[in-house]
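Let me begin by presenting the structure, written as structure tokens, before commenting on it.
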Amino acid sequence: MIAALGLLLGIVLGLVLQPDVPVSMEPYLPIAVVAALDAVFGGLRAYLDGIFDDKVFVISFVSNVVIAAAIVWMGDKLGVGNQLTTGVIVVLGIRIFSNAAAIRRHLFHA
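Per this note's numbering: the sequence shown = residues -16 to 93.
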């Protein structure tokens, strides 16, 4: 319940305040969002499996975002940012769809 209220509060604050993302951070925002979605789907899957731990979720959420952004930042510094961005998106996308499939199996008992 607290998580849902926090999510709702965050959405409302984002809509009201309309924060600006610095231009230097714009390439990393989509990667951070996909990494965060990966953690959320993983947390939901763990909850449905009965093994959810809030500390593991928070650590996974933060570390996914930081590591994904660091990989893309390193790629930018090496001159291969687009390739590493694509790689990160593909890997996280595979994880998201894998977790989504497991969630569907739980919900529909298939």
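Where is the CB? At the ideal position from N, CA and C, for every residue including glycine.
- Exclusion of the five residues before and after Arg28 leaves Asn82, Ala85 and Ile86 as the residues of its chain whose Cβ lies within less than 7 angstroms of its Cβ.
- Proximity of the stretch 45 to 55 to the stretch 63 to 78 meets the contact definition, three or more beta-carbon pairs being nearer than 8 angstroms.
- Each residue's CA atom was taken as its position, placing Val(-5) and Ala(-14) some 14 angstroms apart.
- For Gly33, there are no CB contacts under 8 angstroms within the same chain when 5 residues up- and downstream are skipped.
- Note on Phe24: 16 or more other CB atoms within 10 angstroms of its CB, so buried under the neighbour-count rule.
- For the pair Val55 and Ile42, the Cα-to-Cα distance works out to about 20 angstroms.
- Gln66 carries a helical assignment under DSSP once its states are collapsed to helix, strand and coil.
- The continuous stretches of alpha helix (DSSP H) do not include Met8, and DSSP gives it neither H nor E.
- Rounded to whole angstroms, Met8 and Arg88 show a C-alpha spacing of 37 angstroms.
- Separation of the CB atoms of Phe40 and Ala22 is rounded to 7 angstroms, and the pair is thereby assigned contact status at 8 angstroms.
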